[in-house]
Structures are given as structure tokens and as C-alpha cells.
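Chemist:
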Amino acid sequence: MASQPRLAHVLLLGLVAGWLRAAQPRDFTVKDIVYLHPSTTPFPHGFKCFTCERAADNYECNRWAPDVYCPRGTRYCFSQHMMRVTGESVSVTKRCVPLEDCLSTGCTYVKHEEYKICTSCCEGTICNLPLPRNASDAVFTTLSPLSSTPGLSGRAVLTAVCLLLGLMA
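Mapping of the sequence shown onto my numbering: position 46 corresponds to residue 87, and the numbering continues sequentially without gaps.
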């Protein structure tokens with residue numbers, strides 16, 4: 042008979058423990074973090090870039106880059122890669138910049154020192170992971186058009202083509 046109260050006691054404790062566990066806050070899941078991420082920026086349209094000054098190479102830059110949001114007034118991620126003519130990295134600089142700092146992307150050669158410097162800019166959170174190494178990489182990429190003028194609609198283009206074909210016939 043003594044085993045029945047003990048069994049009832051264990052079952053009761055299990056039931057109470059289940060209630061207590063249900064009352065505890067749940068852990069975040071990956072889905073929760075993805076859902077909450079856009080709302081956790083310090084200000085609207087906040088973003089992050091890899092940032093470093095004169096790191097030895099891309100690995101050292103990205104490895105030690107501080108995980109902080111870019112300041113207001115910046116919109117793009119900047120990367121400047123100085124390398125020897127053999128392609129070996131000499132210096133890597135990455136930072137958050139305004140539009141003005143992205144207007145001269147591309148590669149230049151410093152012949153008397155035998156270096157090539159390639160500069161690129163991009164728009165988007167931590168978009169500056171890779172380094173520019175040539176003219177194909179050293180570009181300015183944006184998620185939205187820089188020009189505020191509206192483009193031609195598909196209907197306007199179709200009308201213009203029809204008029205042009207009508208004049209040629």
C-alpha cells in the first residue's frame with residue numbers, strides 16, 4: 042500500500058513540473074531571430090559593413106571586423122584593396138560611407154611602386170565580404186536606382202517602337 046501514495050506523489054510532481062515548464066519563456070529559434078532581425082536596427086534602414094583599416098588581407102579584415110551598425114548618413118559599404126602586381130594583398134580597408142565616397146570605383150595602377158589599387162562599393166548589409174581584384178570586381182552595385190527620374194514604362198517603349206516602325210514603312 043505504501044507504493045501507491047509514492048506513485049501518486051511522483052505523478053503529481055510530474056504534472057506540476059509540466060505546468061512550471063510551460064510558464065517559462067521559450068528559447069528563440071532561428072525563425073524568431075530572422076523574423077525579429079529587421080526590427081532590431083538602431084534606426085530605420087540600419088545596416089552593417091565589414092570595417093577595417095589597412096588590414097594585411099581580406100581574412101584578417103573580416104575576421105576582426107567589429108559587429109556594429111553603420112552610422113546615420115552612410116548608405117554603402119566601401120572596400121579598397123591594394124595589391125602587388127602578382128595579386129598578393131598589401132592592404133585592405135573597408136568601411137561605411139556616403140554616396141560621395143563611391144563615385145570613383147575601379148582600379149588604378151601605381152607604376153613606380155608596382156601596386157594596383159581596386160575600389161568597390163555596394164549597398165546592403167555586409168555586402169563587402171569579397172575584395173575587388175580587377176576591373177570586373179571594382180564596381181559600384183546598388184539595390185535601388187541612384188537616379189530619381191522615372192524610367193520609361195513598357196507601354197511608352199512599345200508605343201515609341203510602333204511609331205518608329207510606322208515611320209520606316
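By construction, the Cβ of each residue, glycine as well, lies at the ideal position given by its N, Cα and C atoms.
Can you tell me whether residue 159 is helix, strand or coil according to DSSP?
Modeler: strand
Chemist: Near residue 174, which residues of its chain fall below 8 Å by C-beta distance, leaving aside the five closest residues on each side in sequence?
Modeler: 122, 124, 128, 159
Chemist: Could you check the C-alpha separation between residue 184 and residue 164 for me, to the nearest Å?
Modeler: 6 Å
Chemist: Where do the ends of the alpha helix (DSSP H) carrying residue 100 lie?
Modeler: 99-105
Chemist: Suppose you measure from the CA of residue 176 to the CA of residue 147; what does that come to, to the nearest Å?
Modeler: Cα to Cα, the separation comes out at about 6 Å.
Chemist: Taking just the CA atoms, how far does residue 132 sit from residue 97?
Modeler: 5 Å
Chemist: Which stretch, first to last residue, makes up the beta strand (DSSP E) that contains residue 94?
Modeler: 93-96
Chemist: To which residues of the same chain is residue 47 closer than 6 Å at the C-beta, ignoring the five residues directly before and after it?
Modeler: Cβ within range, chain order: n/a, list empty.
Chemist: Under 8 Å by Cβ, that's how I've got residue 157 and residue 126 pegged, so tell me the actual separation to the nearest angstrom.
Modeler: 7 Å
Chemist: For the beta strand (DSSP E) containing residue 118, list its first residue and its last residue.
Modeler: Taken as a continuous stretch (DSSP letters only), the beta strand (DSSP E) holding residue 118 covers 117-125.
Chemist: Can you tell me whether DSSP reads residue 182 as helix, strand or coil?
Modeler: Three-state result, residue 182: strand.
Chemist: Among all the DSSP beta bridges, which residues are the ones paired with residue 174?
Modeler: None; residue 174 has no bridge partner.
Chemist: Quick one: what does DSSP say residue 63 is sitting in, helix, strand or coil?
Modeler: Low confidence applies here, because residue 63 scores a pLDDT of 49, under 50, leaving its location unreliable; read the following figure in that light. Reduced to three states, the DSSP call for residue 63 is helix.
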